[in-house]
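Taking it in order: structure first as structure tokens, then the write-up.
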Amino acid sequence: MQDPLKSHTEALQAACLTATLESISDAVLMLGHDWEIRYMNGNAARLTKVVREEVLGRCLWDVFPEAVGGPYYRAYHKAVDTNEQVSFEEHYAPLDLWTEIRAYPSEEGLTIYFRDISDRKATEAEIHRMAFYDKLTGLPNRQLLLDRLEHALALGQRTGRPGATLFIDLDHFKSINDTRGHDKGDILLQQVADRLDAAVRSCDTVARFGGDEFVVLLEDLGTDAPAVARDIASKLLQAFHAPFNVDGVEHYSTPSIGVALFGRERLGIEEVLKRADLAMYQAKAAGRNNVSFFDPAMEARVSARAMLETDMRRALANQEFELHYQPLATIDGKLAGVEALLRWRHPQRGMVPPVEFIPVAEETNMILHLGCWVLMEACGLLSRWADDERTARLEMSVNVSPVQFHRPDFVEQVLDVLKQTGARPDRLRLELTESLLIKDVEGTIQKMQRLREVGVRFAVDDFGTGYSSLSYLHRLPLSQLKIDRSFIWDAQKEGHGAAIVRMIVGLGKTLGMSVLAEGVETPEQLAFVMDEGCHYYQGYLYSKPLPEDRLAVFFS
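Counting in the numbering used here, the sequence shown runs from 423 upward without gaps.
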């Protein structure tokens with residue numbers, strides 16, 4: 423006969439255990455050796471969304487059949503088979519529930535403690551998303567791209583499997599931000615991200631690198647990697663053919679894409695990205711909306727340009743730049759003035775051609791310092807000429823860069839130089855390019871008119887090579903058209919140059935402007951421009967550009 427006191431004690435202990443298990447925050451399941459559910463506390467019923475009374479005594483795998491064969495199933499069997507505790511975290515998809523599990527085997531079966539960690543997992547996922555994904559587009563960000571690129575490079579070097587990095591920059595993206603606002607620009611970026619992601623393979627990575635720049639990482643391209651990369655790049659271009667709907671307004675955008683391949687060659691992350699970036703700028707230089715592949719010659723050109731820029735900054739500090747002056751003549755051979763031309767005497771290379779350093783000066787804004795210096799030097803010489811009756815009537819022509827002209831303080835700069843040097847404004851002629859004239863036409867006209875009021879005159883340099891519009895050409899206070907030398911040379915080859923020269927001369931006369939022919943080098947060319955009615959000419963036939971000391975000899 424069972425001891426009543428012992429039975430009472432065991433019942434009391436069981437009641438205390440049950441009360442404890444009901445009060446703790448963990449969910450608790452107790453299983454028998456046949457996986458039957460012997461006990462389930464309230465938290466377990468709540469989390470698993472079952473009714474305790476209906477599942478007690480039933481097999482765990484009958485109640486939760488979706489778990490059979492999965493992580494829970496394997497972990498619980500491992501605990502029973504090894505008689506050791508198991509701990510793990512797992513997502514139970516049927517309930518969309520993240521759980522932290524601890525299972526303890528015993529002589530009676532298996533006791534399982536688990537708790538809901540869905541909120542913590544959601545927070546961790548959000549932290550991960552913020553750290554590795556772009557907030558605006560949802561694409562991988564720069565950090566995640568660099569991690570994946572590092573892995574891809576290591577894999578390629580080890581296995582020889584080639585890959586590629588595509589650097590994508592949106593053409594003229596700044597215009598939508600400037601004209602419609604940054605919020606509309608953000609809408610465009612989101613749509614661009616969606617199209618790029620849809621155009622690549624599922625194994626590829628599309629990342630937002632920053633601003634309007636995107637990078638696509640292609641891995642395991644196979645034996646014909648260049649062709650596969652080009653095919654994918656072409657699909658990316660095609661993704662931009664249809665207009666984007668930016669807040670109800672159609673907007674067309676195009677990309678410039680640079681491609682850098684990688685494989686067994688030992689390259690670092692920065693080197694691969696630099697190559698793709700260089701190729702992207704090559705695509706822009708080729709007209710935009712284009713694809714360009716990196717090649718070593720491209721890198722050599724960029725290195726040479728960087729070296730040239732460094733040398734130019736040193737040259738500014740060391741005063742290596744100088745002015746040469748090319749005489750201008752009336753059509754009958756009388757000296758009319760000179761054109762001031764910037765020259766660079768490099769200590770090792772000698773005279774560097776302007777066609778090499780002027781574009782770099784404009785891109786880096788060094789042209790602002792150089793342009794001001796040229797104007798000051800030329801006007802200083804023009805002022806000194808006024809004291810000599812042999813030179814007092816001569817004109818000084820100075821080329822003006824678009825970068826310099828479109829500065830808000832350009833007019834004040836010219837007026838200040840004239841005041842400092844004492845040069846006569848009516849002896850100064852500023853030469854502008856056609857590309858300069860077509861940008862901000864109204865603002866250009868206002869600046870020209872302000873300077874024209876004090877006597878400064880203007881000429882259009884290399885006329886005929888740009889895209890001048892006759893609709894506003896007559897509104898500009900111009901006094902001279904300069905015919906580009908290419909038309910003079912072409913006229914002697916029985917090309918279309920003669921007709922173009924004839925047209926420009928007629929246009930100049932109609933608008934009341936003088937016409938100057940550039941690049942006259944032979945008596946035949948001089949005879950031609952004389953017959954066509956040009957008023958002035960310059961070129962090696964009359965004189966090459968001369969430094970100031972030799973110019974004085976030429977005058978005498």
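Idealized CB from N, CA, C, for every residue including glycine.
Through-space distance from residue 495 to residue 520, alpha-carbon basis = Reading the sequence shown from its first residue, position 98 is the one you call residue 520. Reading the sequence shown from its first residue, position 73 is the one you call residue 495. Distance between the alpha carbons of residue 520 and residue 495 is about 16 Å.
key: Range of the contiguous alpha helix (DSSP H) that encloses residue 599   = Indexing the sequence shown from 1 puts residue 599 at position 177. Note, residue 599: alpha helix (DSSP H), 595-602.
query = Looking only at C-alpha atoms, which of 508, 499 and 535 sits nearest to residue 446?
reply = Within the sequence shown, numbered from 1, the residue matching residue 446 stands at position 24. When each option's Cα is compared against that of residue 446, the closest is 535.
ask   = How about the segment 722-737 and the segment 776-784: do they share at least three Cβ pairs that are nearer than 8 Å?
value = yes
message = Rounding to the nearest angstrom, what Cα-Cα distance links residue 823 and residue 651 in this structure?
response = By 1-based counting over the sequence shown, the position of residue 823 is 401. By 1-based counting over the sequence shown, the position of residue 651 is 229. The alpha-carbon atoms of residue 823 and residue 651 are separated by roughly 40 Å.
inquiry  = Ignoring anything shorter than 4 residues, give me the alpha helix (DSSP H) runs that lie fully in the segment 641-673, in order along the chain.
reply    = 647-660
ask   = If you follow the beta strand (DSSP E) that residue 527 is part of, which residue opens it and which one closes it?
value = Numbered from 1 along the sequence shown, position 105 holds the residue referred to as residue 527. First-last of the beta strand (DSSP E) with residue 527: 519-527.
query = In three-state terms, what does DSSP make of residue 835?
reply = Against the sequence shown, residue 835 aligns to sequence position 413. In the structure shown, residue 835 sits in a helix (DSSP, three-state: H, G or I).
query = Do residue 676 and residue 591 have their C-beta atoms within less than 7 Å of each other?
reply = Stepping through the sequence shown from its first residue, residue 676 is reached at position 254. Stepping through the sequence shown from its first residue, residue 591 is reached at position 169. Their beta carbons are not under 7 Å apart, which means residue 676 does not touch residue 591 by this criterion.
query = How many angstroms separate the CA atom of residue 962 from the CA atom of residue 906?
reply = Taking the first residue of the sequence shown as position 1, residue 962 is located at position 540. Taking the first residue of the sequence shown as position 1, residue 906 is located at position 484. Approximately 15 Å, taken between the alpha carbons.
task = Measure how close the beta-carbons of residue 851 and residue 902 come, nearest whole angstrom, since I'm counting them as under 8 Å.
result = Working through the sequence shown from its first residue, we reach residue 851 at position 429. Working through the sequence shown from its first residue, we reach residue 902 at position 480. Sure, about 7 Å apart at Cβ, within 8 Å.
Rounded Cβ spacing between residue 571 and residue 587 (contact assumed at less than 8 Å) = Taking the sequence shown and counting its residues from 1, the one referred to as residue 571 is at position 149. Taking the sequence shown and counting its residues from 1, the one referred to as residue 587 is at position 165. Yes, residue 571 and residue 587 are in contact; Cβ-Cβ is about 7 Å, under 8 Å.
task = Reducing DSSP to helix, strand and coil, say where residue 904 ends up.
result = For the purposes of this step, residue 904 is taken as the residue at position 482 of the sequence shown. If DSSP states are grouped into helix, strand and coil, residue 904 belongs with the strands.
query = Should residue 704 be labelled buried (16 or more other beta-carbon atoms within 10 Å of its own) or exposed?
reply = Residue numbering aside, residue 704 sits at position 282 when the sequence shown is read from its first letter. Buried is the call here.
ask   = Does residue 492 have its Cβ less than 7 Å from a Cβ in chain C?
value = Chain labels in this structure do not include chain C; a single protein chain is all it has.
query = By the 10 Å Cβ neighbour count, where 16 or more other Cβ atoms means buried, how is residue 749 classified, buried or exposed?
reply = Along the sequence shown, one-based indexing puts residue 749 at 327. So residue 749 ends up on the buried side.
inquiry  = Taking the alpha carbon of residue 964 as the reference point, which residue from 976, 767 and 451 has its own alpha carbon closest?
reply    = If you number the sequence shown from 1, residue 964 lands on position 542. With distances taken between Cα atoms, residue 964 lies closest to 976.
ask   = In chain order, what residues of the same chain have a beta carbon less than 6 Å from the beta carbon of residue 952, not counting five sequence neighbours either side?
value = Along the sequence shown, read from residue 1 onward, the residue named residue 952 stands at position 530. Once the five neighbours on either side are set aside, the close Cβ partners of residue 952 are 753.
inquiry  = Between the alpha carbons of residue 525 and residue 548, how many angstroms are there, rounded?
reply    = Walking along the sequence shown from the start, residue 525 turns up at place 103. Walking along the sequence shown from the start, residue 548 turns up at place 126. Linking residue 525 to residue 548 through their CA atoms gives a straight-line distance of about 29 Å.
ask   = Any contact of the segment 701-719 with the segment 596-605, i.e. 3+ C-beta pairs under 8 Å?
value = no
request  = Please check the pair residue 561 and residue 629, which I expect to be a contact at CB under 8 Å, by giving their CB distance rounded to whole angstroms.
outcome  = Counted from its first residue, the sequence shown places residue 561 at position 139. Counted from its first residue, the sequence shown places residue 629 at position 207. That belief holds up - the Cβ atoms of residue 561 and residue 629 are roughly 6 Å apart, short of 8 Å.
ask   = Is it a yes or a no for the segment 797-813 touching the segment 830-845, going by three-plus beta-carbon pairs under 8 Å?
value = When Cβ pairs closer than 8 Å are counted between the two stretches, the segment 797-813 is seen to touch the segment 830-845, the count reaching three or more.
query = If residue 497 and residue 523 are in contact, beta carbons under 8 Å, what's the gap, nearest whole angstrom?
reply = Here residue 497 corresponds to residue number 75 of the sequence shown, with the count starting at 1. Here residue 523 corresponds to residue number 101 of the sequence shown, with the count starting at 1. Yes, they are in contact, since the Cβ atoms of residue 497 and residue 523 sit about 7 Å apart, within 8 Å.
key: Completely contained alpha helix (DSSP H) runs for the segment 466-530, where each covers 4 or more residues   = Taken in chain order, the unbroken stretches of alpha helix (DSSP H) that lie wholly in the segment 466-530 and span 4 residues or more are 474-477, 482-485 and 493-504.
query = If we count Cβ pairs, one from each stretch, closer than 8 Å, do we get three or more for the segment 873-882 versus the segment 913-929?
reply = no
task = Figure out for me which residue from 788, 716 and 760 has the closest Cα to the Cα of residue 730.
result = Counted from its first residue, the sequence shown places residue 730 at position 308. Closest by alpha carbon: 788.
inquiry  = Below 8 Å, how does it come out for the segment 613-626 and the segment 713-729: are there three or more Cβ pairs, yes or no?
reply    = no
key: Span of the alpha helix (DSSP H) around residue 945   = Here residue 945 refers to the residue found at position 523 of the sequence shown. Its alpha helix (DSSP H) spans residues 945-954.
Unbroken alpha helix (DSSP H) run spanning residue 535, endpoints = Counting from 1 along the sequence shown, the entry for residue 535 is found at position 113. That residue, residue 535, is in no alpha helix (DSSP H); its beta strand (DSSP E) goes 532-538.
key: Closest Cα partner of residue 530 within the set 512, 458 and 919   = Within the sequence shown, numbered from 1, the residue matching residue 530 stands at position 108. The option with the nearest alpha carbon to residue 530 is 458.
ask   = Ordered along the chain, which non-local residues of its own chain (more than five positions away) have a Cβ less than 8 Å from that of residue 938?
value = Numbered from 1 along the sequence shown, position 516 holds the residue referred to as residue 938. These residues qualify, in order along the chain: 750, 881, 902, 903, 904, 905, 956, 957, 958, 959 and 960.
inquiry  = Please state whether the Cβ-Cβ distance between residue 713 and residue 655 is less than 7 Å.
reply    = As a position in the sequence shown, residue 713 is number 291, starting the count at 1. As a position in the sequence shown, residue 655 is number 233, starting the count at 1. Cβ distance < 7 Å, so residue 713 and residue 655 count as in contact.
inquiry  = By DSSP's criteria, residue 851 is part of a beta bridge. Which residues make up the other side?
reply    = The sequence position of residue 851 within the sequence shown is 429, counting from 1. BP columns for residue 851 point to 819 and 879.
ask   = Would the beta-carbon of residue 666 fall within 7 Å of that of residue 611?
value = Here residue 666 is taken as the residue at index 244 of the sequence shown, counted from 1. Here residue 611 is taken as the residue at index 189 of the sequence shown, counted from 1. No, Cβ-Cβ distance for residue 666 and residue 611 is not below 7 Å.
message = Less than 7 Å between C-beta atoms, sequence neighbours within five positions excluded: which residues of the same chain meet that for residue 512?
response = The count along the sequence shown starts at 1 and reaches residue 512 at position 90. So the list reads 493, 494, 521 and 523, once near-sequence residues are dropped.
query = Distance, Cα to Cα, residue 845 vs residue 759?
reply = Along the sequence shown, one-based indexing puts residue 845 at 423. Along the sequence shown, one-based indexing puts residue 759 at 337. About 14 Å.
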